[in-house]
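Below is one structure, written out as structure tokens; the observations come after it.
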Amino acid sequence: MISWEQSINIKTPQEIEIMREAGRINAEALQAAVSLIEPGVTTAELNAAFEAVHRQYGVYSPFKNYPGPYPYPASICTSVNEELVHGIPGDRKLEEGDIVSIDCGTVYQGFVGDMAVTVGVGEISPDAQRLIKATEHALKLAIANLVTNNTIGDIGFAVQTYVENQGYHVTRMYTGHGVGRKMHEGPQVPNYGKPGWGIRLREGMTIALEPMVLVGTPDTVVKADQWTVASADGSLTAHFEHTVAVTADGPMILTLLNEN
Ligand code: MF3
Ligand code: CO
Numbered sequence: 001m002i003s004w005e006q007s008i009n010i011k012t013p014q015e016i017e018i019m020r021e022a023g024r025i026n027a028e029a030l031q032a033a034v035s036l037i038e039p040g041v042t043t044a045e046l047n048a049a050f051e052a053v054h055r056q057y058g059v060y061s062p063f064k065n066y067p068g069p070y071p072y073p074a075s076i077c078t079s080v081n082e083e084l085v086h087g088i089p090g091d092r093k094l095e096e097g098d099i100v101s102i103d104c105g106t107v108y109q110g111f112v113g114d115m116a117v118t119v120g121v122g123e124i125s126p127d128a129q130r131l132i133k134a135t136e137h138a139l140k141l142a143i144a145n146l147v148t149n150n151t152i153g154d155i156g157f158a159v160q161t162y163v164e165n166q167g168y169h170v171t172r173m174y175t176g177h178g179v180g181r182k183m184h185e186g187p188q189v190p191n192y193g194k195p196g197w198g199i200r201l202r203e204g205m206t207i208a209l210e211p212m213v214l215v216g217t218p219d220t221v222v223k224a225d226q227w228t229v230a231s232a233d234g235s236l237t238a239h240f241e242h243t244v245a246v247t248a249d250g251p252m253i254l255t256l257l258n259e260n
């Protein structure tokens with residue numbers, strides 16, 4: 001997300017297994033929130049459903065109190081329509097036709113899982129459906145490129161090329177990131193780039209890949225609450241994210257609901 005300079009930490013296979021459990025619990029808590037999405041539900045209720053699953057497992061969110069303009073006040077981010085990332089849950093009621101992204105994290109045995117999805121509320125427009133599908137596909141392409149000997153730029157290139165061919169834009173301001181004992185480790189992983197740019201991927205790296213896609217412009221603004229990031233032109237946006245390990249057998253998604 002914002003901007004940091006952090007070291008890249010290589011994980012052992014045992015650490016990756018712990019991260020897979022962090023990711024699985026994160027996906028389960030996310031599912032509890034997603035299953036509540038319908039017209040009339042508030043974004044605070046989604047946060048509460050997520051936290052209820054966390055309490056069952058005795059785990060917590062790395063988002064809560066994350067340093068920023070003021071400590072981040074919730075366990076998830078809920079970003080509606082033109083809001084791209086970092087929307088704060090509250091009294092806002094979701095309405096038929098909205099699209100909402102839920103971004104969430106879980107710390108389990110000292111390791112972080114980080115994930116986001118964008119979901120329609122009730123029936124949504126064909127334009128909104130196409131945006132969501134394209135953003136999810138951009139994440140698939142990013143994951144497919146998370147292989148040894150590829151570089152960070154190869155990932156960004158794949159995402160940017162696809163997204164722009166669909167007529168959309170990628171953010172330049174916010175990026176994916178290494179993830180492990182901390183939510184934000186190196187390297188930063190932009191959603192744009194050129195083949196061969198940046199460092200080379202190595203076995204044991206664990207990366208949060210997160211395409212953030214905007215319909216009308218790559219430019220963003222921060223709203224009055226100082227956290228919520230929205231498209232500068234008010235156009236729709238979408239965001240998907242998985243935590244993924246680089247392994248000898250290729251990319252291993254760590255934020256899946258079911259072991260497979
Ligand atoms: N998934 C987001 C990220 O990668 C979530 C951070 S929100 C914050 O940066 F509140 F924790 F900052
Ligand atoms: Co992230």
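The opening residue of the sequence shown carries number 1 in full-length UniProt numbering; numbering runs sequentially from there. Glycine included, each C-beta is placed from N, C-alpha and C at the ideal position. As the structure is a prediction and not an experimental result, all values here were calculated from the model.
Terminal residues of the continuous beta strand (DSSP E) containing residue i?
| i | result |
| --- | --- |
| H54 | Note, H54: premise wrong, no beta strand (DSSP E); alpha helix (DSSP H) at T43 to Y57. |
| P251 | G250 to I253 |
| H239 | T237 to H239 |
| A224 | Note, A224: premise wrong, no beta strand (DSSP E); not H, not E. |
| A232 | It is not in any beta strand (DSSP E) - A232 carries neither H nor E in the DSSP assignment. |
| E74 | First, the residue type needs correcting, since residue 74 is Ala and not Glu in the sequence shown. Segment: none, A74 is in no beta strand (DSSP E) and carries neither H nor E. |
| T247 | H242 to T247 |
Considering only the beta carbon of each residue, do residue i and residue j sit closer than 8 Å?
| i | j | result |
| --- | --- | --- |
| L131 | V215 | yes |
| A245 | T206 | yes |
| L236 | E15 | no |
| T135 | T161 | no |
| A74 | E210 | no |
| G193 | I152 | yes |
| R92 | T42 | yes |
| A232 | D249 | no |
| residue 268 | I102 | Residue numbering for the chain in the displayed model covers 1 to 260; residue 268 lies beyond these limits and cannot be assessed. |
| Q6 | E185 | yes |
| L46 | T78 | yes |
| S35 | C104 | no |
| H177 | A208 | yes |
Could you say which of the options lies nearest to residue i if we only look at CA atoms?
| i | options | result |
| --- | --- | --- |
| P251 | K182, T151 and L146 | L146 |
| V170 | G156, A48 and M183 | G156 |
| P69 | V107, V222 and K133 | V222 |
| P187 | T175, T106, R181 and V80 | T175 |
| N191 | H177, T106 and V159 | V159 |
| Y57 | N26, L36 and I199 | N26 |
| E38 | V100, V85 and R24 | V100 |
Does residue i come out as helix, strand or coil in the three-state DSSP assignment?
| i | result |
| --- | --- |
| residue 262 | The displayed coordinates of the chain run from 1 to 260. Any statement about residue 262 would go beyond what the structure contains. |
| L36 | coil |
| T217 | coil |
| G180 | coil |
| Y174 | coil |
| Y162 | helix |
| F111 | strand |
| M212 | strand |
| V83 | Inspection of the sequence shows that residue 83 is occupied by Glu rather than by Val. Three-state DSSP puts E83 in a strand. |
| R20 | helix |
| A27 | helix |
| G105 | strand |
| G120 | strand |
| I88 | coil |
| I152 | helix |
What are the boundary residues of the alpha helix (DSSP H) that residue i is part of?
| i | result |
| --- | --- |
| L141 | P126 to A144 |
| Q188 | Unbroken run through Q188 is the beta strand (DSSP E), E185 to V189; no alpha helix (DSSP H). |
| Y70 | Careful: Y70 lies outside any alpha helix (DSSP H) and carries neither H nor E. |
Since residue i contacts residue j with CB under 8 Å, what's their CB separation in whole angstroms?
| i | j | result |
| --- | --- | --- |
| A33 | G113 | Actually they do not touch by this definition, with Cβ atoms about 15 Å apart. |
| I18 | G204 | Going by Cβ atoms, the distance from I18 to G204 rounds to 13 Å, so no, they are not a contact pair. |
| L139 | F240 | 4 Å |
| I76 | F111 | Wrong, their Cβ atoms sit about 18 Å apart, outside the cutoff. |
| G122 | G90 | With a Cβ gap of about 20 Å, G122 and G90 do not count as contacting. |
| T243 | T255 | 5 Å |
| E28 | V53 | 6 Å |
| V213 | A230 | Not quite, the Cβ-Cβ distance comes to about 14 Å (not below 8 Å), so this is no contact. |
So is the beta-carbon of residue i under 7 Å away from any non-hydrogen atom of the ligand HEM?
| i | result |
| --- | --- |
| H177 | This structure lacks the ligand HEM; the ligands present are the ligand MF3 and the ligand CO. |
Compare the C-beta of residue i against all C-beta atoms of chain C and say whether one is closer than 8 Å.
| i | result |
| --- | --- |
| R172 | Going by chain labels, chain C is absent from the structure shown, which holds only one protein chain. |
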